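Presented below is the structure to which this report refers.
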Amino acid sequence: MKETTMSNHAIPVAKDNDGKNIWKFLVSEFKPKGKIFTPFNIISAPIILLGIVLIVIRFWKGIGSVTNLTQEVPWGLWIGFDVVTGVAFAGGAYVITFMVYILNNRKYHSIVRVTVLNGFLAYVFYAGALLLDLGRPWNVVNPIIGNSFGTNSVLFLVAWHFLLYMLAELIEFSPAIAEWLGAKRARKILSGMTIAAVIFGITLSTLHQSGLGALFLMARDKIHPLWYSEFIPVMFLVSSIFAGLSMVIFEGSISSRVFSSQISEKHHGEHNNIVISLSRICAGAMLAYFFLNVLVFIHDRHWDLLNTPMGYWYLLEMIGFVLVPMMLFFYSYRRKSLNLIKVAAIITMLGVILNRLNVTVIGFKWEEAVRYVPSWMELVITLTVIFTEIWIFRWVVRRMPVLRDSPLWAKDEK
Amino acid sequence: MGLDRRNFMKALGLTGVTLAAGNSLKAAPVKGEEVEFFGVLYDSTRCVGCQTCEITCAETHGFPAPTDAPTAGVIRKTSENCRTVVNLFNTSKGEVYTKNQCMHCNEPACVAACLTQAMYKTKEGPVIWRGNKCMGCRYCMVSCPFDVPKFEYFSSNPRIIKCDMCYDRIKEGKIPACAENCPAEAITFGTRRDLIREARKRIHDQPDVYADFIYGEDEVGGTGELYVSPVPPIESGFKTTLLNESYPSLSKGFLYTVPSVFVLVPVFLLGIHEATKNNHHNEGDDNE
Ligand code: SF4
Ligand code: SF4
């Protein structure tokens, strides 16, 4: 686009591509698109409503009124699943942006946007779920505005990284918003910031993915020794690679069905190729992860613990949910079997959930006589968070060029 | 072996510290050179289990008086309504009482955990909680090796409850309520250095009455609460598997590497980005 034509617009964002009024455009965009009574909507809407009621109760009567948390187990499903697991699944964004923008591997370009959008929303919602878990959320600004910096705290680091990373991902995604609004100049500026945002974002990701594990380093005596080691941060980082990519594969297989009208023939073909190469990366990362786990296990010499219920549970995780899906990824990569890859991705995701819960909830205070089990209300609120995220995701995908190609004017600029 | 790795982490960390000048992470104090923190010495051989400390503590801090008494075989716990409890243990030397409350660690895990500095190690020694800063994340509870901080789960304005060594009284020049009121003189308030000297003296003078240990001298890097007892710690309800180094040091290795990551990773990424700029891979190419 020529600068001269653009500079005629005083506020480039106020008019869209064809010079229509942007507000009318926005209002029309906020109307629902697509069918209202889909099975997903029928299931998710009541749960979201119930969840909202429960959230009100939670703030009114206290956290104990909806959760089963105890003085011994102060972090439960909301931290262990929503935050810790949710963020691991959002790891796809930093891996994919690394390959596309850092390694300049254009092959994955068509899935960058959807992955970044997914990552961004995951951070907003799952890291945002942290707010539900805060007893005194009105003080959440304290570590941010700088009147009380607990700089020795891993949680301080993680919280800041969440915030900054959301910003980085928003910048990475912003060209899509600009294309939606037809803001040509803004798009140009924003896409110019992509590389910087990507580099910043990857750096932040390595630190907070591992930081989520480092949170538990001081709980040395509370976490079952099979899951505690000083290498939790490394484990969390490495597993976030295949956690994120499995999510990308899984999400892609659903999106390509639900939003098939958005995806061009060309991209459809590309996508299969992408999934196949992703499966190889997953398998490689899982191999490294498995190897690391074996090393740590041998180093800590917990042989005696293997022959206990927790030991079997550990073996189940390591073999059933790491080794098996890893081999499945390798095998299906060889056979180029998309269906098997999807199966492997799902098993891997279950394994990541299992692992994160084992560190944060199941293996936490495992000897306690009364174990923490999440209440149904905690579950409903967790589902509310997930469903709301999917609703927003769908809203964005139906409107912005996420899966579908960018408008022609934006392509010219490449 | 663990040491080697830690040293490696430290070396890596040093790079980071030099890079980020003004980093507030400080080295652990060398043993024997502790600052003059106040502390409390509790002597199990003197305690008669009368619960006066529990009662005065409840009165001082506005909690309900205890309704149950120490019973052997029952572990009573502190809670959001109670900052200290005395428990009874059947040991090889008969019945022994042990008082439980915040240990006021020299290098508290809860303080290192707290991202708002709501948990705070005062220069006098007590570890206190400051409600105007706390955001209720409960990371202090996750991190405290003694499970001391408690949370008001059923309040819309919940507080973290734990012993603060009667910090307000100390500032007024008084001593903690429990120490002042204990009829058996089982609770002594003083500087940590003096208390350790006193504890050593008691053990030395009456070796047949005391077991030869001071709980809290080395545990978790040293605590403000110190204990002497007629039986080894394992018999009277102490945690015996804790590290003798400070708990914040467990995550320091990680935190030390952060500045170096922040400098090295972007440079590294930029380097690769420049190097690969001209080879746009396309379909079928598997060069990840
Ligand atoms: S005992 Fe726990 S709450 Fe008390 S100072 Fe030590 S870490 Fe903090
Ligand atoms: S609950 Fe409060 S005192 Fe405890 S770590 Fe969080 S902010 Fe700090």
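First to last, the sequence lines map onto chains R and F. Heads up: the first sequence begins at 1 in this note's numbering, then just goes up one per residue. Heads up: the second sequence begins at 1 in this note's numbering, then just goes up one per residue. For each residue, glycine too, the CB sits at the ideal point set by N, CA and C. From a predicted model like this one, the values you see are computed outputs, not experimental measurements.
Query: Within-8 Å CB hit, C114 (chain F) to chain R; Result: yes
Query: Contacting residues, own chain, Cβ-Cβ under 7 Å from T52 (chain F) (five flanking each side not counted); Result: N181, C182 and P183
Query: Cut-off 7 Å between Cβ atoms - residues of its own chain near T116 (chain F), not counting five sequence neighbours on either side; Result: K133, C134 and M135
Query: Exposure of N293 (chain F), with buried meaning 16 or more beta-carbon neighbours within 10 Å; Result: This structure gives no information on residue 293 (chain F), because the portion of chain F shown stretches from 1 to 288.
Query: Span separating the alpha-carbon of A183 (chain R) from that of P407 (chain R); Result: 11 Å
Query: Best match in F:A211, F:L226, F:Y210 and F:V209 for proximity to E334 (chain F) [C-alpha to C-alpha]; Result: Coverage of chain F is limited to positions 1 through 288, which leaves residue 334 (chain F) absent and any answer about it impossible.
Query: Limits of the beta strand (DSSP E) - the one that V96 (chain F) falls within; Result: G94 to N100
Query: Span separating the alpha-carbon of N273 (chain R) from that of N293 (chain R); Result: 31 Å
Query: Neighbour list for V221 (chain R) in chain F, Cβ cutoff strictly below 8 Å; Result: The sequence as given places Asp at residue 221 (chain R); Val does not occur at that position. Ordered by position in chain F, the residues that pass the 8 Å Cβ test against D221 (chain R) are P145, K239, T241 and L242.
Query: Nearest neighbour of V148 (chain F), chosen from F:P176, F:R46 and F:M103 [CA to CA]; Result: F:M103
Query: Euclidean distance between Cα positions of G32 (chain F) and K252 (chain F); Result: In this prediction, G32 (chain F) scores a pLDDT of 46, lower than 50, which makes its location untrustworthy; no coordinate-derived value is stated.
Query: Runs of alpha helix (DSSP H) lying entirely within the stretch 203 to 242 of chain R, each at least 4 residues, in chain order; Result: none
Query: heavy atom of ligand 2 below 7 Å from C178 (chain F) C-beta; Result: no
Query: Beta-carbon proximity list for I241 (chain R), same chain, < 7 Å, skipping 5 on both sides; Result: G91, V95 and A285
Query: Residues from the stretch 254 to 274 of chain F in contact with chain R, defined by Cβ distance under 8 Å; Result: F254, L255, V258, V261, F262, V265, P266, L269, L270, I272 and H273
Query: Under 7 Å by beta carbon: chain F residues contacting W75 (chain R); Result: R138 and V142
Query: Below-8 Å beta-carbon distance, K123 (chain F) vs any chain R residue; Result: no
Query: Assigned secondary structure, V74 (chain F) (DSSP; H/G/I helix, E/B strand, else coil); Result: coil
Query: L270 (chain F) versus H109 (chain R): straight-line alpha-carbon distance, rounded; Result: 19 Å
Query: First and last residue of the uninterrupted alpha helix (DSSP H) at T257 (chain F); Result: P248 to A275
Query: Per DSSP, cross-strand counterpart(s) of C105 (chain F); Result: F:T223
Query: Interface flag, M235 (chain R) vs chain F, CB-CB below 8 Å; Result: no
Query: Chain R contact for C134 (chain F) (CB, 8 Å cutoff); Result: yes
Query: For E235 (chain F) and V89 (chain F), believed in contact at Cβ under 8 Å, the rounded distance; Result: The amino acid at residue 89 (chain F) is misidentified as Val; the sequence shows Phe. Between E235 (chain F) and F89 (chain F) the Cβ distance is about 6 Å, and since that is below 8 Å, they are a contact.
Query: L117 (chain R) (DSSP reduced to helix, strand or coil); Result: helix
Query: Partner residues on chain F for Q71 (chain R), Cβ-Cβ distance less than 9 Å; Result: K77, T78, S79, E80, M141, D147, P149, K150, F151 and Y153
Query: Check: T122 (chain F) C-beta below 7 Å from any heavy atom of ligand 2; Result: no
Query: Chain-ordered chain R contacts of T292 (chain F) [CB-CB under 7 Å]; Result: Not covered by the structure: residue 292 (chain F). The range shown for chain F is 1 to 288.
Query: Sequence-ordered residues whose beta carbon comes within less than 6 Å of a heavy atom of ligand 1; Result: F:C102, F:M103, F:H104, F:C105, F:P108, F:A109, F:C110, F:V127, F:C144, F:F146, F:V148, F:P149 and F:K162
Query: Residue-level contact to chain F via CB, I195 (chain R), 8 Å cutoff; Result: yes
Query: G252 (chain R), buried or exposed, once every other Cβ within 10 Å from all chains shown has been counted against 16; Result: buried
Query: N41 (chain R) in three-state terms, based on DSSP; Result: helix
Query: Run of the beta strand (DSSP E) containing M119 (chain F), from where it starts to where it stops; Result: M119 to K121
Query: Where L41 (chain F) falls, given that 16 or more other Cβ within 10 Å makes a residue buried; Result: buried
Query: Closest by C-alpha distance to F162 (chain R), when choosing among R:V83, R:L403, R:L237 and R:V238; Result: R:V83
Query: CB-CB length for S246 (chain F) against V220 (chain F), believed under 8 Å; Result: 6 Å
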